[in-house]
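Letter 160 of the sequence shown, counting from 1, is numbered 189 in the numbering used here, and no numbers are missing. The beta-carbon is built from N, C-alpha and C at its ideal position, and this holds for glycine as well.
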Amino acid sequence: FGQGLFDFAEGDIPGGLEGARRVGDETVNGIPCRHYVFDETMPLMAMGQGEVELEKANGEVWISAKDGFTVKYTLDAEGKGLMGKDKERPEHFSIEYEVYDINADIVIEPPSGAETGLPEDIPLMDDAKVEMAMEGMIMYSTASSVEDVVAFYEAQMPANGWTQNPDASFSMEGTSSLEFTKEGRTANLMITYDEDSQKTNVMITTE
Numbered sequence: 030f031g032q033g034l035f036d037f038a039e040g041d042i043p044g045g046l047e048g049a050r051r052v053g054d055e056t057v058n059g060i061p062c063r064h065y066v067f068d069e070t071m072p073l074m075a076m077g078q079g080e081v082e083l084e085k086a087n088g089e090v091w092i093s094a095k096d097g098f099t100v101k102y103t104l105d106a107e108g109k110g111l112m113g114k115d116k117e118r119p120e121h122f123s124i125e126y127e128v129y130d131i132n133a134d135i136v137i138e139p140p141s142g143a144e145t146g147l148p149e150d151i152p153l154m155d156d157a158k159v160e161m162a163m164e165g166m167i168m169y170s171t172a173s174s175v176e177d178v179v180a181f182y183e184a185q186m187p188a189n190g191w192t193q194n195p196d197a198s199f200s201m202e203g204t205s206s207l208e209f210t211k212e213g214r215t216a217n218l219m220i221t222y223d224e225d226s227q228k229t230n231v232m233i234t235t236e
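Here it is as structure tokens:
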């Protein structure tokens, strides 16, 4: 969310949320927290709202007891100029912020049926897990070995009308590069083994 309402830690509570009071300790989303409530003012000035007429505000904030970051935050406010537009119109502002799965791996899966960014005549391994895809380029991982991936493309690409360019291809331990051409198009494959994930990464670019 960047700087603003959410950029405060436990040590900032007295100045950032005047009138906030601690009401106990709770566990939120598996994280031990210190629980505060407030009902007098709020850190709207941090948002650059220099002409705020605040009528009332109330909210709660849960701060990680160990690391001091905001785990959960709720706010309801009424007043004028809250959104920085019409300074005279009464407005109601309500927001909730919550953090889940701290330090968990993030996996972004493309929607079912989404384009891979490659033409239909360039296949992927059956267990391909797409890491990134855009027009003319795709990166994916597979449990297959580098040698098996190379053998797959050396068989499947010619079957789809591609011609391998041996002068632009090479192999060394844990890494292989392949180049294929077809009707004025070029496909380059970089195949590498990743020791950490114990997966083979494949990057394919076309031009």
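First through last residue of the beta strand (DSSP E) which encompasses residue i
{"i": "Ala49", "result": "Here Ala49 belongs to no beta strand (DSSP E), and DSSP marks it neither H nor E."}
{"i": "Arg63", "result": "Ile60 to Phe67"}
{"i": "Met154", "result": "That residue, Met154, is in no beta strand (DSSP E); it is neither H nor E in DSSP."}
{"i": "Val100", "result": "Thr99 to Lys109"}
{"i": "Asn132", "result": "Asn132 -> no beta strand (DSSP E), and no H or E assigned at all."}
{"i": "Asp225", "result": "Segment: none, Asp225 is in no beta strand (DSSP E) and carries neither H nor E."}
Residue i (DSSP reduced to helix, strand or coil)
{"i": "Pro187", "result": "helix"}
{"i": "Pro195", "result": "helix"}
{"i": "Gly142", "result": "Reliability fails at Gly142, whose pLDDT of 47 lies under 50, so the model's placement of it is uncertain and the value that follows must be treated cautiously. Of the three classes helix, strand and coil, the one that applies to Gly142 here is coil, per DSSP."}
{"i": "Glu149", "result": "coil"}
{"i": "Ala94", "result": "coil"}
{"i": "Glu164", "result": "coil"}
{"i": "Glu202", "result": "coil"}
Nearest candidate by alpha-carbon position, reference residue i, set the options
{"i": "Glu107", "options": "Thr99, Pro119 and Gly97", "result": "Pro119"}
{"i": "Asn194", "options": "Glu183, Met201, Glu202 and Glu149", "result": "Glu183"}
{"i": "Tyr129", "options": "Thr99, Gly165, Val179 and Ser200", "result": "Thr99"}
{"i": "Tyr4", "options": "Lys211, Glu202 and Trp191", "result": "Look at the range of the chain in this structure, 30 to 236, and you will see that residue 4 is not part of it."}
{"i": "Ser200", "options": "Met163, Val179, Asp105 and Thr210", "result": "Val179"}
Counted within 10 angstroms of its Cβ, other Cβ atoms place residue i as buried (16 or more) or exposed
{"i": "Ser123", "result": "exposed"}
{"i": "Lys101", "result": "buried"}
{"i": "Gly88", "result": "buried"}
{"i": "Ile131", "result": "exposed"}
*Between the segment 160 to 174 and the segment 187 to 197, are three or more C-beta pairs nearer than 8 Å?*
Short answer: they don't touch.
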